Amino acid sequence: MTTGLSYATYVDQIANMAVVESSNPEFQIALPQMITYAENRIYRDLDFMFTSTTVTGYSLTQGVRTLTIPEGTLVVTDQINIITPVGITNPNFGTRNPCLPTTKEFLDAVYGSASYTGMPEYFVPFNDNIFLFGPYPDQAYGIEIIGTYRPDSLSSTNTTTFVSLYLPDLLIMASMIYISAYQRNFGRANDDPQMAITYESQYQALLKGASVEEARKKFQAAGWSSQSPAAVATPNR
Numbered sequence: 000m001t002t003g004l005s006y007a008t009y010v011d012q013i014a015n016m017a018v019v020e021s022s023n024p025e026f027q028i029a030l031p032q033m034i035t036y037a038e039n040r041i042y043r044d045l046d047f048m049f050t051s052t053t054v055t056g057y058s059l060t061q062g063v064r065t066l067t068i069p070e071g072t073l074v075v076t077d078q079i080n081i082i083t084p085v086g087i088t089n090p091n092f093g094t095r096n097p098c099l100p101t102t103k104e105f106l107d108a109v110y111g112s113a114s115y116t117g118m119p120e121y122f123v124p125f126n127d128n129i130f131l132f133g134p135y136p137d138q139a140y141g142i143e144i145i146g147t148y149r150p151d152s153l154s155s156t157n158t159t160t161f162v163s164l165y166l167p168d169l170l171i172m173a174s175m176i177y178i179s180a181y182q183r184n185f186g187r188a189n190d191d192p193q194m195a196i197t198y199e200s201q202y203q204a205l206l207k208g209a210s211v212e213e214a215r216k217k218f219q220a221a222g223w224s225s226q227s228p229a230a231v232a233t234p235n236r
């Protein structure tokens, strides 16, 4: 079983590897951004299943093609469903009618006027928290949005995360790349110019295995299966 990291053990291990006192004021100042750097790299490099979420409780407004949700709710939008019958916001109590993603240019060309009304069939993200629909809704339909979110970071008040528990090796390597900058070991003229390169290469090696594992979870591995890639099996899955 993987030995995960709590916030306290993470800080101690990074301080030990960086040869610095964990109570060092400069180190404490660098910690939050080091964690942000490491976690953001991992979340952007790996399409985690656990970050998938469903947003409900919102409804379209009759005759208005826009829907606004709070900023920061989702990082990526995967799917939007129109819920019928009208008045139902919980999709489990109604019927999901998938909207197809398209472009703003298509919506403007085909459904550019409020005279085109009906149950929306298409959507497009206008920005991070505003969505456009076409045709214009003829009723106040409930909405289900499926996408990914950014989990809370590891901190003294959020002492464990999915990444710290299940990918502690990747978290440490990503953090040590940031520490290389903190210790000014990025360039050729510095004390240890290979420090950042070494940790980067280790991070990339660990990332490959984690990527395969995440693909297997979603049946996106070889042959769209949950099996590990086979080195000798023929034909390939």
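End of the sequence shown sits at 236 in numbering that gives the first Met the number 0; the numbers just go up one at a time, nothing left out. Glycine is no exception: its CB is placed at the ideal position from the N, C-alpha and C atoms. Note that the structure is predicted; figures quoted are calculated from it, not measured.
Residues bridged to residue i [DSSP beta-bridge criterion]
{"i": "Pro97", "result": "Asn80"}
{"i": "Thr147", "result": "Ser51 and Val75"}
{"i": "Pro136", "result": "Gly117"}
Residue range of the unbroken beta strand (DSSP E) whose run includes residue i
{"i": "Phe132", "result": "Ile129 to Gly133"}
Buried or exposed (CB count within 10 angstroms, at least 16 for buried), residue i
{"i": "Glu38", "result": "buried"}
{"i": "Ser174", "result": "buried"}
{"i": "Ala29", "result": "buried"}
{"i": "Ala188", "result": "At Ala188 the pLDDT is 46, less than 50, meaning the model places this residue with poor confidence; the figure from the coordinates comes in the next sentence. Exposed, by the Cβ-count rule."}
{"i": "Pro119", "result": "buried"}
{"i": "Thr67", "result": "exposed"}
{"i": "Phe132", "result": "buried"}
{"i": "Gly117", "result": "exposed"}
{"i": "Asn89", "result": "exposed"}
{"i": "Met48", "result": "exposed"}
{"i": "Arg40", "result": "buried"}
{"i": "Asn126", "result": "exposed"}
{"i": "Asn80", "result": "buried"}
{"i": "Thr160", "result": "buried"}
{"i": "Glu259", "result": "Absent from the structure is residue 259, since the part of the chain shown begins at 0 and ends at 236."}
{"i": "Leu99", "result": "exposed"}
Assigned secondary structure, residue i (DSSP; H/G/I helix, E/B strand, else coil)
{"i": "Leu66", "result": "strand"}
{"i": "Gly222", "result": "helix"}
{"i": "Gly86", "result": "coil"}
{"i": "Pro167", "result": "helix"}
{"i": "Gly141", "result": "strand"}
{"i": "Thr159", "result": "coil"}
{"i": "Leu153", "result": "coil"}
{"i": "Asn91", "result": "helix"}
Boundaries (first-last residue) of the alpha helix (DSSP H) holding residue i
{"i": "Pro119", "result": "Counting along the chain, Pro119 falls outside any alpha helix (DSSP H), and DSSP gives it neither H nor E."}
{"i": "Asn39", "result": "Pro24 to Asp44"}
{"i": "Leu59", "result": "Note, Leu59: premise wrong, no alpha helix (DSSP H); not H, not E."}
{"i": "Ala14", "result": "Tyr6 to Ala17"}
{"i": "Lys217", "result": "Counting along the chain, Lys217 falls outside any alpha helix (DSSP H), and DSSP gives it neither H nor E."}
{"i": "Val109", "result": "Lys103 to Val109"}
Inter-residue CB distance, residue i and residue j (contact presumed, cutoff 8 Å)
{"i": "Leu164", "j": "Gly3", "result": "3 Å"}
{"i": "Ile178", "j": "Tyr202", "result": "12 Å between Cβ atoms; not a contact."}
{"i": "Asn128", "j": "Thr72", "result": "7 Å"}
{"i": "Ser255", "j": "Thr35", "result": "One cannot answer for residue 255 here, as it falls past the ends of the chain, which runs 0 to 236."}
{"i": "Leu45", "j": "Ser210", "result": "6 Å"}
{"i": "Tyr42", "j": "Arg149", "result": "6 Å"}
{"i": "Leu206", "j": "Leu170", "result": "Actually they are not in contact, since the Cβ atoms of Leu206 and Leu170 sit about 12 Å apart, beyond 8 Å."}
The ligand ADP heavy atom lying under 7 Å from the CB of residue i
{"i": "Gln219", "result": "Because no ligand of any kind appears in the structure shown, any question about the ligand ADP cannot be addressed here."}
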